[in-house]
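>
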Amino acid sequence: AIFNLTTKYKADKFSKKLNLGVGAYRTAESQPYVLSVVKKAEVIILKQSEDKEYLPIEGYEPFLKAAPALVFGADSPAIEENRVCAVQSIGGTGAVRLAAEFICEQLPSGTAIYIPSPTWGNHKKVMKHAGVPCFDYRYYDNDTNEMNITGLLEDIRKAPRRSVILLHACAHNPTGLDPTAEQWQMIADCIKGKDHLPFFDFAYQGFASGNM
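Residue numbers (our numbering): 1 to 212.
Here's what the structure looks like:
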């Protein structure tokens, strides 16, 4: 649906149109904006002139070390105690598919995943194609344009023990509405109380706050 929306956007002749369908930075002229840090990184990579050998199955080792440090913090006890492992995927959709495979192969048969309503359109499709039972939990209240924290907690509590709960780490897609620090604590307590497995989708870290 999102790609169909982009096609319609490009075909629209309205001069003041805005494309809000894709999570990407835009210039004032609605053109794709490449962050300066990305341009600098590209120059560094080109200067290194590394070979084009196949990567190890788990991925590029420097990336596998840098990503957990970004997510958990370089001084995280989990990293220091060697309780974190990482694999590299082909983009965000590939990562979600790998997570679905993990659920199917490593968790008890029939383990379900609960995803927010609404969420990114491919979450449910990827899980269903992988054979993971998928259900919604309440997230956004259309009447108040606020987060339905009461409904969210009720649905998580009702989910069978040891279910998987998908959460958007930040810049919730598509609402952009994130829990407050207090609400995050409530969600964490609720998930821990039911022995659920939290699954964080980190698609847009830094987009909402500008702070990684």
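From the three backbone atoms N, C-alpha and C, an ideal C-beta is built for every residue, glycine too.
For Asp189, name the three-state secondary structure that DSSP assigns.
In the structure shown, Asp189 sits in a helix (DSSP, three-state: H, G or I).
> The beta strand (DSSP E) with His123 in it runs from where to where?
His123 -> not in any beta strand (DSSP E); alpha helix (DSSP H) instead, spanning Gly121 to Ala130.
> Which residues in the same chain have their Cβ closer than 7 Å to the Cβ of Ala130, if we skip the five residues on either side of it in sequence?
Only Arg97, Ala100, Glu101 and Cys104 meet the Cβ criterion.
> Which residues does DSSP list as the beta-bridge partners of Leu107?
Leu107 pairs with nothing; no bridge assigned.
> Any idea what DSSP makes of Tyr9, helix, strand or coil?
The answer is helix: DSSP assigns Tyr9 an H, G or I state.
> Taking the alpha carbon of Asn4 as the point to measure from, which residue in Ile45, Lys13, Asn19 and Ala41 has its own alpha carbon closest?
Closest by alpha carbon: Asn19.
> For His168, tell me which candidate among Ile115, Glu146 and Asn142 has the shortest Cα-Cα distance.
When each option's Cα is compared against that of His168, the closest is Ile115.
> Between which two residues does the beta strand (DSSP E) containing Pro198 stretch?
Residues Leu197 to Asp201.
> Quick one: grab the DSSP three-state call for Glu146.
In this structure, Glu146 counts as strand in the three-state DSSP scheme.
> How long is the line joining the alpha carbons of Ala188 and Tyr9, rounded to whole angstroms?
Taking the straight line joining both Cα atoms gives about 39 Å.
> Pull the bridge partners of His168 from the DSSP assignment, please.
His168 pairs with Asp201.
> Where Ser76 and Pro68 are concerned, what is the direct C-alpha to C-alpha distance, given to the nearest angstrom?
Computed Cα separation, rounded: 9 Å.
> With distances taken Cα to Cα, identify the nearest neighbour of Ile90 among Arg138, Asp136 and Ile57.
The option with the nearest alpha carbon to Ile90 is Ile57.
> So for Ile115, helix, strand or coil by DSSP?
In the structure shown, Ile115 sits in a strand (DSSP, three-state: E or B).
> Do Ile113 and Leu166 have their C-beta atoms within less than 7 Å of each other?
Yes.
> With DSSP run on the structure shown, which of helix, strand or coil describes Asp155?
It is helical.
> So which of Asp195, Ser117 and Phe135 has the shortest CA-CA distance to Glu146?
Of the candidates Asp195, Ser117 and Phe135, the one whose C-alpha sits nearest the C-alpha of Glu146 is Ser117.
> Starting from the Cα of Pro179, find the closest Cα among Arg157, Tyr140 and Gln106 and give me that residue.
Closest by alpha carbon: Tyr140.
> Restricting to Cα atoms, I'd like to know which of Arg161, Phe207 and Ala181 is closest to Gly193.
Nearest option by C-alpha distance: Arg161.
> When the distance is taken between beta carbons, is Tyr54 closer than 7 Å to Gln88?
No, these two residues do not count as a Cβ contact at 7 Å.
> If I measure Cβ to Cβ from Cys190 and keep anything under 7 Å in the same chain, skipping five residues before and after, which residues do I get?
Contacts found: Leu153, Ile156 and Arg157.
> Could you check which residue in Gly110, Val164, Ser109 and Asp143 has the C-alpha nearest to that of Asp136?
Per the Cα distances, Val164.
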